[in-house]
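Peer 1: If you use the numbering used here, the sequence shown corresponds to residues 1 to 59, in order. My questions will all concern the structure given below.
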Amino acid sequence: MPEMFREAKSAAECAECARLLAVVEKAAREYDRSAETDARVRLRRHARAVHGRELPLPW
Ligand SMILES: [Zn+2]
């Protein structure tokens, strides 16, 4: 598993983060760039709204 995903998981352990990360990982595996970008946007928005912080990732 890529380092960035492991860091994101340890940084934000909640069901929604896990779900969105799974979507990002699946899209990345399938080289579906639009789905990957969309999932990353939703993950960032979720982290900001629910956890009150930016993801510690260069996304
Ligand atoms: Zn979360």
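Glycine included, each C-beta is placed from N, C-alpha and C at the ideal position.
Label Lys-14 either buried or exposed according to how many other C-beta atoms from any shown protein chain fall within 10 Å of its C-beta, with 16 as the threshold for buried.
Peer 2: The residue labelled residue 14 in the question sits at position 14 within the sequence shown. Before going on, a small fix: residue 14 reads as Cys here, not Lys. Its Cβ having fewer than 16 others within 10 Å, Cys-14 is exposed.
Peer 1: Secondary structure at Cys-17, three-state DSSP: helix, strand or coil?
Peer 2: Working through the sequence shown from its first residue, we reach residue 17 at position 17. Helix, per DSSP.
Peer 1: Tell me the rounded alpha-carbon separation between Met-1 and His-51.
Peer 2: Your numbering for residue 1 matches position 1 in the sequence shown. Your numbering for residue 51 matches position 51 in the sequence shown. Reliability fails at Met-1, whose pLDDT of 49 lies under 50, so the model's placement of it is uncertain and no value is given.
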